[in-house]
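S.K.:
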Amino acid sequence: MRFRGLGRTGLKVSEYTLGTSFLERKGVDLAEAGAAVELALERGINAVELGAGGGAADAVGEILERTGAGQRVHVFSRVTSLVPFDLPSPHVTAQDAYPGAHIRAETEALLRRLGVERLGLQQLHAWCPEWLHEGDWLEMLQRLRGEGKIAGIGISLFDHDVDSALEAVASGAIDCVQVMYNIFDQGAAASLFPLCAKQKVGVIARSPLYFGALASQQQTAMPFAEGDWRRDYFFNEHLRETRGRVVRLAREFGLEGSSVTETGLRFCFSHPAVSTVALGMRTRRQVEANLQALDHGPLAPETLARLRAHRWLC
Amino acid sequence: MMKPIAVTALGSGAGAARRLLETPLVEAIEIPRPSLDELPFRDFVRALLRAPGFKLDFRGQTPDAALALVSNQILGPGAFQQERAALAEAIAALEVFARGLGAGPPPQVAIRTYFAPGDLVWHVDRVSERTAFRLLWPLGRPAGMKVTPADNIDQRRYRGFMRREFPLLCQLDTRVLHTGAAVEALWAHRPAQLAAMTSGRFPFIVDPDKEWEIDPTAVSVHRVETPAGPGTYHRSSWTNRASPGLQIVITAASDEQ
Chain A
3 MRFRGLGRTG LKVSEYTLGT SFLERKGVDL AEAGAAVELA LERGINAVEL GAGGGAADAV
63 GEILERTGAG QRVHVFSRVT SLVPFDLPSP HVTAQDAYPG AHIRAETEAL LRRLGVERLG
123 LQQLHAWCPE WLHEGDWLEM LQRLRGEGKI AGIGISLFDH DVDSALEAVA SGAIDCVQVM
183 YNIFDQGAAA SLFPLCAKQK VGVIARSPLY FGALASQQQT AMPFAEGDWR RDYFFNEHLR
243 ETRGRVVRLA REFGLEGSSV TETGLRFCFS HPAVSTVALG MRTRRQVEAN LQALDHGPLA
303 PETLARLRAH RWLC
Chain B
102 MMKPIAVTAL GSGAGAARRL LETPLVEAIE IPRPSLDELP FRDFVRALLR APGFKLDFRG
162 QTPDAALALV SNQILGPGAF QQERAALAEA IAALEVFARG LGAGPPPQVA IRTYFAPGDL
222 VWHVDRVSER TAFRLLWPLG RPAGMKVTPA DNIDQRRYRG FMRREFPLLC QLDTRVLHTG
282 AAVEALWAHR PAQLAAMTSG RFPFIVDPDK EWEIDPTAVS VHRVETPAGP GTYHRSSWTN
342 RASPGLQIVI TAASDEQ
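Chain order of the listed sequences is A and B. Take the first sequence: its position 312, counted from the start at 1, is 314 in the numbering used here, and no numbers get skipped. Take the second sequence: its position 129, counted from the start at 1, is 230 in the numbering used here, and no numbers get skipped.
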């Protein structure tokens with residue numbers, strides 16, 4: 003396992019961060035999913051991402067305790083917004099969504115649930131640029147960092163909303179940005195990544211396989227199970243368009259089967275500003291396959307140059 | 102199918118408009134106005150429309166002061182003084198009407214002449230106050246705002262669609278504002294999206310025929326989504342992309358009931 007610096011936090015994190023929202027998903031084989039998490043930790047992954055409000059914190063805490071990995075694994079969390087919203091909105095103020103007292107209460111509760119002394123990151127999700135100058139969230143997160151309860155302050159950007167972080171990164175207030183980044187969504191590489199590198203701000207690349215679209219060339223009418231939110235995200239024309247683009251990618255690069263997935267993952271690792279790539283791995287087989295992609299290292303510069311033509315959404 | 106647009110007059114007062122908007126089956130109200138050709142400030146408006154697209158929030162300035170600012174900058178100092186005053190007076194009257202829709206702070210007024218392609222997608226406007234209404238008066242555009250009832254939206258599909266499209270549409274709006282480039286050129290790589298924006302047929306709409314259009318010359322008032330209440334789903338028409346008109350937008354929001 004290779005490790006990279008996570009911005010100014012001083013943490014060295016594995017090139018993969020293990021997403022765990024699948025542990026909360028209906029219909030998942032929890033025994034296999036738990037075994038996959040254990041295998042990932044055993045193989046050296048030392049960063050774990052929880053969903054908002056702690057997500058699968060109890061299950062993760064139990065695994066950390068059982069495996070004794072609690073001291074070396076960095077858990078990244080996202081604070082729950084007190085105002086429910088589906089989309090980023092400047093009309094929701096930072097103080098309404100993320101008041102300092104709420105951030106402290108949720109962080110401390112999470113430390114207890116996980117059985118760890120410090121979170122790797124505490125992040126605000128669906129970041130709005132207006133929030134930088136609002137509320138007491140920053141003061142509280144700085145205090146929690148000073149108390150050693152979190153290692154870093156992060157913001158997590160809404161899908162495709164890459165430029166919303168520019169001012170926050172330039173301000174020096176935050177330690178890490180989480181952003182959607184994949185072959186179809188290369189927008190973060192234009193301005194955000196160079197700025198993060200300059201400001202020594204860590205980058206978590208999210209959705210490296212575009213919500214699984216780059217992991218599958220299945221031609222079934224709808225590859226996502228009933229209840230899976232991706233059924234609505236890809237409905238209906240977007241699924242056809244995405245498949246067409248995956249097929250074109252595979253054809254151009256002579257990729258078959260899982261090599262599309264591997265190329266998608268290696269694409270993300272290839273950018274030097276990326277600290278870690280967040281990815282859910284539901285089975286031990288997926289863990290092994292994804293680790294194999296790591297072994298093959300970054301893509302060649304000429305491949306990366308050709309992949310730029312596959313930029314699509316952002 | 103009952104038309105979810107009620108008609109009223111400015112003279113009937115804001116109270117009547119508010120009562121109509123509180124009726125569950127009413128999504129928007131229409132206040133008939135003369136066409137631009139019949140208005141005394143038509144030449145001033147047309148001169149503004151010939152300039153590159155812009156937007157301006159009045160930010161508490163009087164309509165007279167705000168219009169002077171934009172007119173002096175775009176058309177030169179002192180241009181169309183009388184017509185400008187007449188338009189300012191008309192906007193001030195609408196501001197008074199909007200103030201009557203609620204008991205909150207003074208309404209926010211903005212004008213714009215650029216075409217925001219995001220408006221082609223069914224959406225609700227949102228604010229954080231308890232109640233809010235938005236008044237729109239388009240001058241010189243060919244098609245009126247379209248509305249559809251909330252139950253004509255498949256909410257799960259709509260959430261999935263907007264999760265993907267909302268930030269992309271915001272970026273597209275910004276690029277159109279800054280460059281004036283054509284939507285078709287900017288999104289040539291997104292033919293399915295472009296087709297939906299052109300036709301108005303979106304995957305989350307239950308019945309595509311269940312949409313109604315406000316008269317293009319009328320003032321309209323619709324509900325804005327707040328933490329306490331739903332907003333009106335509305336969209337613009339592809340027909341407006343080449344001539345979006347001068348749009349006067351007044352938002353009245355209040356934390357009072």
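Here a beta-carbon is modelled for each residue, glycine too, at the ideal position from N, C-alpha and C.
What residues from the region 101-132 of chain A come within 7 Å of chain B, judged by C-beta to C-beta, listed N to C?
M.R.: Against chain B - using a Cβ distance shorter than 7 Å - the region 101-132 of chain A contributes no residues.
S.K.: With DSSP run on the structure shown, which of helix, strand or coil describes residue 182(A)?
M.R.: Looking at residue 182(A) - three-state DSSP - the assignment turns out to be strand.
S.K.: For the region 266-283 of chain A against the region 230-244 of chain A, are there 3 or more C-beta pairs whose distance is under 8 Å?
M.R.: With a cut-off of 8 Å, the region 230-244 of chain A and the region 266-283 of chain A do not count as touching, because too few Cβ pairs lie within range.
S.K.: Using 8 Å as the Cβ pair cut-off and three pairs as the minimum, do the region 190-200 of chain A and the region 161-175 of chain A touch?
M.R.: Yes, the region 190-200 of chain A is in contact with the region 161-175 of chain A.
S.K.: In whole angstroms, give me the CA-to-CA distance for residue 55(A) and residue 108(A).
M.R.: Near 7 Å, if we compare the C-alpha coordinates of residue 108(A) and residue 55(A).
S.K.: Taking the alpha carbon of residue 219(B) as the reference point, which residue from 348(B), 258(B), 244(B) and 337(B) has its own alpha carbon closest?
M.R.: For the residues 348(B), 258(B), 244(B) and 337(B), the minimum Cα distance to residue 219(B) belongs to 337(B).
S.K.: Around the C-beta of residue 214(B), are 16 or more other C-beta atoms found within 10 angstroms, so that it is buried, or is it exposed?
M.R.: So residue 214(B) ends up on the buried side.
S.K.: Could you work out which residues of chain A lie near residue 290(B), taking near to mean beta carbons separated by less than 8 Å?
M.R.: Correct list: 314.
S.K.: Do the region 58-65 of chain A and the region 97-105 of chain A meet, that is, are 3 or more Cβ pairs less than 8 Å apart?
M.R.: The region 58-65 of chain A is not in contact with the region 97-105 of chain A.
S.K.: Using a Cβ-Cβ cut-off of less than 7 Å, list which residues of the region 257-285 of chain B approach chain A; keep chain order.
M.R.: Within the region 257-285 of chain B, the residues whose Cβ lies closer than 7 Å to some Cβ of chain A are 257, 258, 260, 261, 263, 264, 265, 267, 268 and 269, listed in chain order.
S.K.: Does the region 345-352 of chain B come within contact of the region 189-198 of chain B, defined as at least 3 CB pairs closer than 8 Å?
M.R.: Touching, yes, given that three or more Cβ pairs across the two stretches are closer than 8 Å.
S.K.: In this structure, does DSSP put residue 200(A) in helix, strand or coil?
M.R.: It is helical.
S.K.: Name the chain A residues whose beta carbon is nearer than 9 Å to that of residue 227(B)?
M.R.: By Cβ distance, chain A contributes 87, 89, 91, 93 and 94.
S.K.: Out of 149(B), 320(B) and 156(B), which one is the CA nearest neighbour of residue 177(B)?
M.R.: Comparing Cα-Cα distances from residue 177(B) to each of 149(B), 320(B) and 156(B), the minimum goes to 149(B).
S.K.: Given a cut-off of 9 Å, decide if residue 205(A) and residue 227(A) are closer than it, judged by their beta-carbon atoms.
M.R.: No.
S.K.: State yes or no: is the beta carbon of residue 235(A) nearer than 9 Å to at least one beta carbon in chain B?
M.R.: Judged by the 9 Å Cβ criterion, residue 235(A) is in contact with chain B.
S.K.: Please list, in chain order, the chain A residues whose beta carbon lies closer than 7 Å to that of residue 331(B).
M.R.: By Cβ distance, chain A contributes nothing, its closest Cβ being about 13 Å from residue 331(B), past 7 Å.
S.K.: Here's the rule I'm using: 16 or more other beta-carbon atoms within 10 Å means buried, otherwise exposed. How should residue 124(A) be labelled?
M.R.: Burial call: buried.
S.K.: Using the rule of at least 16 other Cβ atoms within 10 Å of the residue's Cβ for burial, across every protein chain shown, is residue 4(A) buried or exposed?
M.R.: Residue 4(A) comes out exposed.
S.K.: Helix or strand or just coil, what does DSSP make of residue 125(A)?
M.R.: Three-state DSSP puts residue 125(A) in a strand.
S.K.: Tell me the start and end of each unbroken beta strand (DSSP E) in the region 225-273 of chain B that is at least 3 residues and wholly inside, in chain order.
M.R.: The qualifying runs are 232-240 and 247-249.
S.K.: Which residues does DSSP list as the beta-bridge partners of residue 206(A)?
M.R.: According to DSSP, residue 206(A) bridges with 180(A) and 278(A).
S.K.: Output the boundary residues of the beta strand (DSSP E) element that contains residue 18(A).
M.R.: Residues 18-21.
S.K.: Just to confirm, is the Cβ distance from residue 126(B) to residue 322(B) under 9 Å?
M.R.: Taking 9 Å as the Cβ cut-off, residue 126(B) and residue 322(B) do not qualify as a contacting pair.
S.K.: Using beta carbons (cut-off 9 Å, strictly below), is residue 239(A) in contact with chain B?
M.R.: Yes, because at least one Cβ of chain B sits closer than 9 Å to the Cβ of residue 239(A).
S.K.: Spatial neighbours of residue 109(B) within its chain, please: C-beta separation below 8 Å, excluding the five flanking residues on both sides.
M.R.: Cβ neighbours of residue 109(B) beyond the five flanking positions: 117, 118, 121, 130, 131 and 132.
S.K.: Quick one: is the Cβ of residue 137(A) within less than 8 Å of any heavy atom of the ligand SAM?
M.R.: In terms of ligand content, the structure shown is empty, and the ligand SAM therefore cannot be addressed.
S.K.: Do the region 316-333 of chain B and the region 242-252 of chain B meet, that is, are 3 or more Cβ pairs less than 8 Å apart?
M.R.: The region 316-333 of chain B is in contact with the region 242-252 of chain B.
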